[in-house]
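A.B. asks: The structure is given below, and queries will be raised subsequently.
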Amino acid sequence: MAVPDVELHQDLRSAVGELCRRFPDNYWRDLDRKEAYPDEFVQTLTEAGYLAALIPEQYGGSGLGITEAAIILEEVNRSGGNSAACHAQMYIMGTLLRHGSEAQKRAYLPRIASGELRLQAFGVTEPTTGTDTTQLQTMAVRNGDLYVVNGQKVWISRAEYSDLMLLIARTTPREEVAKKTDGLSVFLVDLRTAVGNGVTIRPLRAMMNHATTEVFFDNLEVPAENRIGEEGRGFRYLLDGLNAERILIAAECVGDGRWFIERAVKYANERVVFNRPIGKNQGVQFPIARAHVNVEAADLMRARAAELFDGGQPCGAEANMAKLLAADASWEAANVALQTFGGFGFAEDYDIERKFRETRLYQVAPISTNLILSYIAEHVLGLPRSF
Ligand SMILES: Cc1cc2nc3c(=O)[nH]c(=O)nc-3n(C[C@H](O)[C@H](O)[C@H](O)COP(=O)(O)OP(=O)(O)OC[C@H]3O[C@@H](n4cnc5c(N)ncnc54)[C@H](O)[C@@H]3O)c2cc1C
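Using the working numbering, read the sequence shown as starting at -16 and increasing by one per residue.
Shown next, in the form of structure tokens:
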């Protein structure tokens, strides 16, 4: 197993932290109020090369590991920002890298690395089938050199701010395949030409500022050369990318958790009620201390999962456990911070309520806590398959 490069990691943390200080609380607060996309932040992060961390050097990226990519996203969230504006590029890119042809990699990866092309949209979830991905209804029917796509996706984040979408659709009807995981294929859809020509994007207002949308496909023509990998094997390609996604989201949750704890500690030291700082009361101290313990424990599992991933070892159990523990820890820390701030926690100007809404998502998306527990029960512990 590779030895962690402590110096590189410290340098990375301080460089990302410094970049994030240019985007303080009020930057994110204003965007939240306006439900606006953090264009300037995402562009700055891209220009600094951070979103290309996982792209190999031969394609213009920095060729770093998931450990370093996770540190970047953690620091964004720890600064009070929200990596959800741009995190998908890191993990969707892996499908292209692992399963794309050499021609596709040369065509797209250097331009994604430079920021010329944004690969921020991931089209999986559908309104009627939810977590049960193999039942998805969107169809891509081959017609000569094209596929004709019809269907609908929901909760497709950043579609309005992305040039490309990684789309999963059924290419062979469910009734004609032996296994439900067969017959799904993955495509790169060029949204720059598709919108208005078979693709309609409708913003979906949500609890937090997440630039999420509904996407409708009406006879969209996708060149066959935009299919990634073999026809019918898309579900496997999707599964291949999940460990990276879990580890990166776990890192964001650790970043959120640390942000909440720092803010809670500062406030508990400063706020004086009954002639003493509220933090002097153990009823206030202990929940903060416990949340800190849980965030740090989750961070260890995140580090372990990342170490296995970077060493090319199986890490499904660790990646899933890291995501679950980190999402729980950040949510606990969010609640503790809100409680510590009392009434002021609900005021927009303190940012606790914004981050509270943002971190709540990770109990549900991109994979819900129940589905992780189900994976652990069945695949790690050998309990009977439930569904
Ligand atoms: C803000 C936001 C952004 C998102 N961005 C994207 C995106 O960019 N791309 C994309 O493709 N998707 C995206 N999603 C979708 C997200 O991945 C799904 O919401 C998530 O996978 C859950 O699916 P669902 O909402 O359909 O819930 P459902 O599948 O309907 O599940 C509802 C609840 O029931 C539980 N449940 C369901 N089945 C079982 C079972 N067998 N056992 C126990 N519990 C069960 C689930 O855990 C969940 O809590 C986003 C969602 C949100 C809210």
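A virtual CB, placed ideally from N, CA and C, is assigned to each residue, including glycine.
Just the C-alpha distance for Q346 and G127, rounded to the nearest angstrom, thanks.
C.D. replies: Locating residue 346 in the sequence shown gives position 363, counting from the first residue. Locating residue 127 in the sequence shown gives position 144, counting from the first residue. Rounded to whole angstroms, Q346 to G127 spans 43 Å at the Cα level.
A.B. asks: Using a Cβ-Cβ cutoff of less than 6 Å, which residues in the same chain neighbour A142 once the five nearest sequence positions on both sides are dropped?
C.D. replies: If you number the sequence shown from 1, residue 142 lands on position 159. The answer, listed in chain order, is A104, I184, T196, V198.
A.B. asks: Around the C-beta of S145, are 16 or more other C-beta atoms found within 10 angstroms, so that it is buried, or is it exposed?
C.D. replies: Stepping through the sequence shown from its first residue, residue 145 is reached at position 162. Per the 10 Å Cβ criterion, buried.
A.B. asks: Closer than 8 Å: is that where the CB of F370 sits relative to any heavy atom of ligand 1?
C.D. replies: As a first step, residue 370 is located in the sequence shown; it is residue number 387 there, counting from the start. Checking every heavy atom of ligand 1 against the Cβ of F370, one is found closer than 8 Å.
A.B. asks: How many angstroms separate the CA atom of Y20 from the CA atom of R12?
C.D. replies: Translated into positions along the sequence shown, residue 20 becomes position 37. Translated into positions along the sequence shown, residue 12 becomes position 29. Straight-line Cα distance between these residues: approximately 12 Å.
A.B. asks: As an exercise, report each continuous alpha helix (DSSP H) stretch of at least 4 residues that is fully enclosed by the segment 149 to 204, in chain order.
C.D. replies: You should have 174 to 177.
A.B. asks: Per DSSP, which residues does G44 bridge with? Please list them.
C.D. replies: Mapped onto the sequence shown, residue 44 falls at position 61. According to DSSP, which records beta bridges pairwise, G44 is partnered with nothing at all.
A.B. asks: Can you tell me whether A161 is buried or exposed? The criterion is at least 16 other CB atoms within 10 Å of its CB, across all chains shown.
C.D. replies: Here the question's residue 161 lines up with position 178 in the sequence shown. Flag for A161 reads exposed.
A.B. asks: Take every Cβ of the segment 23 to 34, pair it with every Cβ of the segment 67 to 74, and state whether three or more of those distances are shorter than 8 Å.
C.D. replies: The segment 23 to 34, when compared against the segment 67 to 74, does touch it at the 8 Å Cβ threshold.
A.B. asks: Tell me which residue opens and which closes the beta strand (DSSP E) that S140 is part of.
C.D. replies: Numbered from its first residue, the sequence shown carries residue 140 at position 157. Run containing S140: 129 to 140, per the beta strand (DSSP E) assignment.
A.B. asks: Measure the Cβ-Cβ separation of A233 and K306 and say whether it is below 9 Å.
C.D. replies: Here residue 233 refers to the residue found at position 250 of the sequence shown. Here residue 306 refers to the residue found at position 323 of the sequence shown. Their beta carbons are under 9 Å apart, which means A233 touches K306 by this criterion.
A.B. asks: Pull up the DSSP beta-bridge partners for F105, would you.
C.D. replies: Position 122 of the sequence shown holds residue 105. F105 pairs with L149.
A.B. asks: Do you know offhand how far C298's Cα is from H(-8)'s?
C.D. replies: Here residue 298 refers to the residue found at position 315 when the sequence shown is read from its first residue. Here residue -8 refers to the residue found at position 9 when the sequence shown is read from its first residue. Taking the straight line joining both Cα atoms gives about 21 Å.
A.B. asks: Taking the alpha carbon of R248 as the reference point, which residue from Q268, T50, T117, V256 has its own alpha carbon closest?
C.D. replies: For the purposes of this step, residue 248 is taken as the residue at position 265 of the sequence shown. The sequence given here has Val at residue 248, not Arg. Among Q268, T50, T117, V256, the Cα nearest to that of V248 belongs to Q268.
A.B. asks: Cβ of T114 within 8 Å of any heavy atom in ligand 1?
C.D. replies: On the sequence shown, residue 114 is found 131 positions in, with the first residue counted as 1. For ligand 1, at least one heavy atom lies less than 8 Å from the Cβ of T114.
A.B. asks: Hey, quick one: how far does the alpha helix (DSSP H) through N277 stretch, first residue to last?
C.D. replies: Here residue 277 refers to the residue found at position 294 of the sequence shown. From DSSP, the alpha helix (DSSP H) with N277 extends over 265 to 293.
A.B. asks: Just to confirm my understanding: we take F324, look at its own chain, exclude 5 residues before and 5 after, and list those with CB closer than 7 Å. What are they?
C.D. replies: Within the sequence shown, residue 324 is the residue found at index 341, counting from 1. Cβ within range, chain order: Y250, Y333, I335.
A.B. asks: Along the chain, where does the beta strand (DSSP E) containing N404 start, and where does it finish?
C.D. replies: The chain is shown from -16 up to 370; residue 404 falls before or after that span and cannot be answered.
A.B. asks: Between the Cα of N202 and the Cα atoms of L231, V131, E1, which residue gives the shortest distance?
C.D. replies: Here residue 202 refers to the residue found at position 219 when the sequence shown is read from its first residue. Ranking the options by Cα distance to N202, first place goes to V131.
A.B. asks: Suppose the cutoff is 8 Å on Cβ atoms and the five residues either side in sequence are ignored; what does the same chain contact list for M284 look like?
C.D. replies: Looking up residue 284 in the sequence shown gives position 301. Result list for M284: A233, E301, M304, A305, L308, A309, in chain order.
A.B. asks: What do you reckon, are the CB atoms on G43 and A31 nearer than 9 Å?
C.D. replies: In the sequence shown, residue 43 corresponds to position 60, counting from 1. In the sequence shown, residue 31 corresponds to position 48, counting from 1. Not in contact: G43 and A31 (Cβ atoms no closer than 9 Å).
A.B. asks: Nearest CA to the CA of F218: which residue from E245, T154, I49?
C.D. replies: For this step, residue 218 is matched to residue 235 along the sequence shown. Of E245, T154, I49, the residue nearest in Cα terms is T154.
A.B. asks: With a Cβ-Cβ cutoff of 9 Å, do F200 and G181 count as a contact?
C.D. replies: Your numbering for residue 200 matches position 217 in the sequence shown. Your numbering for residue 181 matches position 198 in the sequence shown. In contact: F200 and G181 (Cβ atoms closer than 9 Å).
A.B. asks: Ignoring anything shorter than 4 residues or poking outside the segment 28 to 72, list the alpha helix (DSSP H) runs there in chain order.
C.D. replies: Here the runs fully enclosed are 49 to 61.
A.B. asks: Could you give the distance in angstroms between the alpha-carbon of I139 and the alpha-carbon of L147?
C.D. replies: Translated into the one-based positions of the sequence shown, residue 139 becomes position 156. Translated into the one-based positions of the sequence shown, residue 147 becomes position 164. Roughly 12 Å separates the two Cα atoms.
A.B. asks: Nearer than 8 Å: is that true of the beta carbon of W314 relative to any heavy atom of ligand 1?
C.D. replies: Residue 314 sits at position 331 when you count from the first residue of the sequence shown. Result no, Cβ not under 8 Å from ligand 1.
A.B. asks: Please classify Q41 as buried or exposed, where buried requires at least 16 neighbouring CB atoms within 10 angstroms.
C.D. replies: The count along the sequence shown starts at 1 and reaches residue 41 at position 58. Q41 should be labelled exposed.
A.B. asks: Quick check: is any heavy atom of ligand 1 less than 8 Å from the C-beta of H193?
C.D. replies: Locating residue 193 in the sequence shown gives position 210, counting from the first residue. Checking the Cβ of H193 against ligand 1 gives yes.
A.B. asks: Going by CA-CA distance only, name the one from L56, F257, H362 that's closest to R(-4).
C.D. replies: Counted from its first residue, the sequence shown places residue -4 at position 13. With distances taken between Cα atoms, R(-4) lies closest to L56.
A.B. asks: List the DSSP bridge partners of R216.
C.D. replies: Position 233 of the sequence shown, counting from 1, holds the residue named residue 216. DSSP lists L167 as partners of R216.
A.B. asks: For S357, which residues of its own chain have a beta-carbon under 7 Å away from its beta-carbon, when the five flanking residues on both sides are left out?
C.D. replies: The sequence position of residue 357 within the sequence shown is 374, counting from 1. Cβ neighbours of S357 beyond the five flanking positions: S369.
A.B. asks: Just curious, the alpha helix (DSSP H) that H(-8) is in, first and last residue?
C.D. replies: In the sequence shown, residue -8 corresponds to position 9, counting from 1. Per DSSP, H(-8) belongs to the alpha helix (DSSP H) from -11 to 4.
A.B. asks: Thinking C-beta only, is A227 closer than 9 Å to A52?
C.D. replies: Residue mapping note: residue 52 aligns to position 69 of the sequence shown, counting from 1. Residue mapping note: residue 227 aligns to position 244 of the sequence shown, counting from 1. Their beta carbons are under 9 Å apart, which means A52 touches A227 by this criterion.
A.B. asks: Taking 8 Å as the cut-off, is the beta-carbon of L56 closer than that to any non-hydrogen atom of ligand 1?
C.D. replies: For the purposes of this step, residue 56 is taken as the residue at position 73 of the sequence shown. For ligand 1, not one heavy atom lies less than 8 Å from the Cβ of L56.
A.B. asks: Take the Cβ of T111 as the centre, count every other Cβ of all protein chains shown within 10 Å, and call the residue buried at 16 or more, exposed below.
C.D. replies: Counted from its first residue, the sequence shown places residue 111 at position 128. By the 10 Å Cβ count, T111 comes out exposed.
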